[in-house]
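To keep things clear, I will list the structure first and then write my remarks on it.
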Amino acid sequence: MSMQVDAPAPPAGSEASLQNLRSSRLRSATRTWWLSLISFPFAIAAWQMAAAINDNKLVLPGPWEVAKELVSERSTLIANLKPTAYETVVGFLIALAAGVLVGVVLGNSRFLQSIFMPFIVVFQLVPKVALAPLFIVWFGFGNQPKILLTVLISFFPIVINAFAGVQSMTSEQRELAALLRFSRWKTFRHIQARVALPALFNGLKVAITLAVIGAVVAEFVAADRGLGYLLVVTQTNLNTPLMFAAVVLLTAFGAVLYALVVLAERLAIPWHVSRRADR
Amino acid sequence: MTVNAMSGSEAPATSVGSAGLSFRSVSIEYQAQARKIRAVADASLHVDHGSFLSILGPSGCGKTSLLKAAAGLLPASTLGEIVLGDVRLNSGNARRNQVGMVFQTAALLDWLTVRDNVAFPLTTTGVRKSTARELASELLQQAGLGSFADNKPYELSGGMQQRAAICRALIVEPELLLMDEPFGHLDAITRDQMSIMTQSLWLRKPITAVLVTHSVAEAVFLSDRVAVMSKGPASRVVTEVDIDLPRPRTLESRGSAVFQGYVRELEQALGLDQMEE
Numbered sequence: 303m304s305m306q307v308d309a310p311a312p313p314a315g316s317e318a319s320l321q322n323l324r325s326s327r328l329r330s331a332t333r334t335w336w337l338s339l340i341s342f343p344f345a346i347a348a349w350q351m352a353a354a355i356n357d358n359k360l361v362l363p364g365p366w367e368v369a370k371e372l373v374s375e376r377s378t379l380i381a382n383l384k385p386t387a388y389e390t391v392v393g394f395l396i397a398l399a400a401g402v403l404v405g406v407v408l409g410n411s412r413f414l415q416s417i418f419m420p421f422i423v424v425f426q427l428v429p430k431v432a433l434a435p436l437f438i439v440w441f442g443f444g445n446q447p448k449i450l451l452t453v454l455i456s457f458f459p460i461v462i463n464a465f466a467g468v469q470s471m472t473s474e475q476r477e478l479a480a481l482l483r484f485s486r487w488k489t490f491r492h493i494q495a496r497v498a499l500p501a502l503f504n505g506l507k508v509a510i511t512l513a514v515i516g517a518v519v520a521e522f523v524a525a526d527r528g529l530g531y532l533l534v535v536t537q538t539n540l541n542t543p544l545m546f547a548a549v550v551l552l553t554a555f556g557a558v559l560y561a562l563v564v565l566a567e568r569l570a571i572p573w574h575v576s577r578r579a580d581r
Numbered sequence: 611m612t613v614n615a616m617s618g619s620e621a622p623a624t625s626v627g628s629a630g631l632s633f634r635s636v637s638i639e640y641q642a643q644a645r646k647i648r649a650v651a652d653a654s655l656h657v658d659h660g661s662f663l664s665i666l667g668p669s670g671c672g673k674t675s676l677l678k679a680a681a682g683l684l685p686a687s688t689l690g691e692i693v694l695g696d697v698r699l700n701s702g703n704a705r706r707n708q709v710g711m712v713f714q715t716a717a718l719l720d721w722l723t724v725r726d727n728v729a730f731p732l733t734t735t736g737v738r739k740s741t742a743r744e745l746a747s748e749l750l751q752q753a754g755l756g757s758f759a760d761n762k763p764y765e766l767s768g769g770m771q772q773r774a775a776i777c778r779a780l781i782v783e784p785e786l787l788l789m790d791e792p793f794g795h796l797d798a799i800t801r802d803q804m805s806i807m808t809q810s811l812w813l814r815k816p817i818t819a820v821l822v823t824h825s826v827a828e829a830v831f832l833s834d835r836v837a838v839m840s841k842g843p844a845s846r847v848v849t850e851v852d853i854d855l856p857r858p859r860t861l862e863s864r865g866s867a868v869f870q871g872y873v874r875e876l877e878q879a880l881g882l883d884q885m886e887e
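Read top to bottom, the protein sequences are chains A and B. Each residue of the first sequence is one higher than the last, beginning at 303 in our numbering. Each residue of the second sequence is one higher than the last, beginning at 611 in our numbering.
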């Protein structure tokens with residue numbers, strides 16, 4: 303960073319200094335975003351080198367090989383991305399609705415909390431991936447068992463963070479609500495729902511990455527389409543380049559979903575995000 | 611603050627006879643694990659309608675508890691009576707907006723602008739947004755925060771945030787203003803500014819006010835009466851001193867012999883003269 307001497311610094315806390323602070327923070331953010339891309343060329347170069355040394359595309363196809371596969375097999379890939387994307391998104395949205403509902407209710411009731419919270423924690427300890435075969439038995443080969451697994455796997459981080467979020471009201475915020483004679487609902491609407499958002503979004507970021515895993519793992523077990531299914535098929539056919547292409551596509555898909563959550567966070571709680579930026 | 615845009619139907623309920631704020635043998639008990647802790651024992655105190663009371667006392671003496679009880683926030687743990695006019699405050703009987711309170715931290719809501727924070731008690735209780743915002747702007751102007759109305763609270767300094775919090779307490783036109791060490795976290799210079807600003811806001815419309823503070827000078831500067839509490843637990847009011855100094859008081863007036871006399875008297879009551887601070 304170069305030192306800039308443009309104008310005498312206005313006194314701290316004055317309006318001008320606030321404006322400066324905000325715009326300089328914005329400037330440094332826009333100046334540095336590309337830094338996060340630096341690591342990628344190195345990783346790809348390392349991959350290329352490893353592939354060149356190995357020189358067996360059935361074991362380790364190089365990035366160029368995989369890129370060619372992504373283009374030539376795009377119709378297969380896209381056709382299999384669609385069901386996986388559907389299961390992921392629907393599963394995540396159901397988990398979101400259920401997790402927020404349960405988290406908010408339990409977070410506001412000692413009674414329900416002591417009944418259900420231990421159950422939720424114990425249930426989280428069940429390896430849900432191990433339940434995938436059971437869900438196939440119960441629900442057959444359609445997309446319900448995949449959605450169910452996605453819901454179950456992404457529910458926990460949402461419910462735990464929604465729960466923590468609604469409990470993060472400060473005692474003074476509670477007293478303010480009491481002083482203004484707020485009902486529970488009013489307190490929730492005007493204070494608690496906002497206070498809970500930062501924690502909730504942390505949960506959503508974890509949950510969205512898990513949702514992709516849930517859908518893919520469920521497809522491993524029994525499916526006739528989807529990227530998880532494609533991975534199993536390419537393994538059987540020893541079509542490693544296509545397998546890599548499917549993995550790359552899954553990663554890109556997960557990255558897009560994650561970015562959407564981050565975008566939603568920026569829109570929903572700019573007051574929190576902007577403050578975090580200077581920490 | 612001559613704004614009467616409050617819901618209108620509510621006429622001032624203070625009966626002239628019993629005006630003022632009275633604490634009548636107030637005890638406050640907390641349930642801590644299995645045993646009861648008596649924070650305040652049998653505290654009695656009176657302040658006239660429209661005058662400024664400060665409560666001084668060592669840390670942990672239950673000053674804050676007393677204030678919260680007056681705000682009706684501790685209905686279950688309060689024994690005795692805290693009465694404003696003819697309303698029993700400690701059982702939470704106060705009308706909404708009869709009592710305004712400023713907390714130890716500003717407790718402003720980060721997602722609202724400073725103006726909307728000040729307007730919050732009105733906008734959430736059915737007052738038109740435009741009306742509430744107009745009142746908020748007016749108050750912020752008086753508190754010297756006019757140009758920060760559109761900022762977010764976390765963009766303001768601690769002193770400015772606490773000023774906004776005072777505006778938020780005043781916007782409902784309370785009959786009683788409670789302040790719980792609102793300047794405790796601020797540096798000495800900012801505290802002085804806050805004292806001056808609080809005095810000038812209060813002088814515009816002197817309502818009954820109670821300030822809990824650690825600072826003897828602040829108490830003398832702002833108050834018509836200062837009460838001193840004993841060390842907790844089971845603390846009570848040991849002294850009440852009437853401060854007879856002309857208003858508006860200035861920072862220079864703190865150097866006067868009379869002012870210093872009050873300070874010494876209160877420090878004695880606190881037992882500060884026996885310790886080196």
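All C-beta atoms in this analysis are idealised placements derived from N, C-alpha and C, irrespective of residue type, glycine included. Note that this is a predicted model, so its numbers are computed, not measured.
Item, Value
"Thr860(B), buried or exposed, once every other Cβ within 10 Å from all chains shown has been counted against 16", "exposed"
"Contact set for Val613(B): own chain, Cβ-Cβ below 8 Å, skip 5 residues either direction", "Low per-residue confidence applies at Val613(B): pLDDT is 40, beneath 50, and the placement is therefore not dependable, though the value from the model is reported in the following sentence. Closer than 8 Å at Cβ, skipping near neighbours: Leu745, Glu748, Glu783."
"Below-8 Å beta-carbon distance, Glu474(A) vs any chain B residue", "yes"
"At least three beta-carbon pairs within less than 8 Å, the segment 652-670 of chain B to the segment 700-714 of chain B", "no"
"Assigned exposure category for Ile455(A) - 16 Cβ within 10 Å defines buried", "buried"
"Distance between Thr378(A) and Pro365(A) (C-alpha atoms, nearest Å)", "19 Å"
"Residues that Ala480(A) contacts on chain B, provided the C-beta gap is smaller than 7 Å", "Leu683"
"Near-chain B residues of the segment 426-439 of chain A - C-beta to any C-beta below 7 Å", "none"
"Exposure of Leu811(B), with buried meaning 16 or more beta-carbon neighbours within 10 Å", "buried"
"Selection from Pro429(A), Val468(A), Ala548(A) that minimises the alpha carbon distance to Arg376(A)", "Ala548(A)"
"Secondary structure of Gln878(B), DSSP reduced to three states", "helix"
"Contact check, Leu931(B) vs Ser664(B), beta carbons under 8 Å", "Because chain B spans 611 through 887 in this model, residue 931(B) falls outside it and cannot be assessed."
"For Ala353(A) and Lys359(A), the rounded distance between their alpha carbons", "8 Å"
"Buried versus exposed call for Glu862(B) [16 or more other C-beta atoms within 10 Å across all chains shown]", "exposed"
"Cβ shell of Leu518(A) (< 7 Å), same chain only, five flanking positions each side left out", "At residue 518(A) the sequence reads Val, which differs from the Leu that was named. So the list reads Thr386, Leu529, Gly530, Leu552, once near-sequence residues are dropped."
"Residue of Ser669(B), Gly670(B), Val650(B) minimising C-alpha distance to Ala680(B)", "Val650(B)"
"Validate contact between the segment 391-403 of chain A and the segment 522-542 of chain A using beta carbons, cut 8 Å, 3 pairs", "no"
"Integer Cβ distance of Val697(B) from Ala686(B), believed to fall under 8 Å", "Rounded, the Cβ-Cβ distance is 19 Å, inconsistent with contact."
"DSSP three-state assignment for Thr818(B), whether helix, strand or coil", "strand"
"Residues of its chain near Gly630(B), where Cβ-Cβ distance is below 7 Å and the 5 sequence neighbours each way are ignored", "His656, Val657, Asp658, His659, Thr818"
"DSSP-derived helix/strand/coil call for Arg912(B)", "Nothing about residue 912(B) can be reported from this structure: the residues present for chain B run from 611 to 887 only."
"Members of the segment 482-513 of chain A that neighbour chain B once the beta carbon cut-off is set at 9 Å", "Leu482, Arg483, Phe484, Lys488, Arg491, His492, Ile493, Arg496, Val497, Leu499"
"Gln641(B) - partner residues in DSSP beta bridges", "Lys646(B)"
"Closer than 8 Å to chain A by CB, Val709(B)", "yes"
"8 Å Cβ shell around Ala844(B) - same chain, five flanking residues per side excluded", "Arg648, Ala649, Val650, Ala651"
"Local conformation of Leu552(A) per DSSP, three classes", "helix"
"Residue range of the unbroken beta strand (DSSP E) whose run includes Ala837(B)", "835-839"
"Per DSSP, the bridge partner or partners of Arg725(B)", "DSSP, once it has assigned bridges, lists no residue as partnering Arg725(B)."
"Every unbroken alpha helix (DSSP H) within the segment 352-408 of chain A, with a cutoff of 4 residues, ordered by chain", "365-374"
"Buried or exposed by the 16-neighbour rule on C-beta atoms within 10 Å, applied to Pro435(A)", "exposed"
"Spatial neighbours of Arg568(A) in its chain, beta-carbon cut-off 8 Å, leaving aside the 5 residues before and after", "Val575"
"Below-8 Å beta-carbon distance, Glu477(A) vs any chain B residue", "yes"
"Reduced DSSP secondary structure (H/G/I, E/B, other) of Ser664(B)", "strand"
"Option nearest Gln475(A) by Cα separation, candidates Thr715(B), Val636(B), Ala642(B)", "Thr715(B)"
"Any chain A beta carbon closer than 8 Å to Ala717(B)", "yes"
"Min CB distance Asp720(B) to chain A below 8 Å", "yes"
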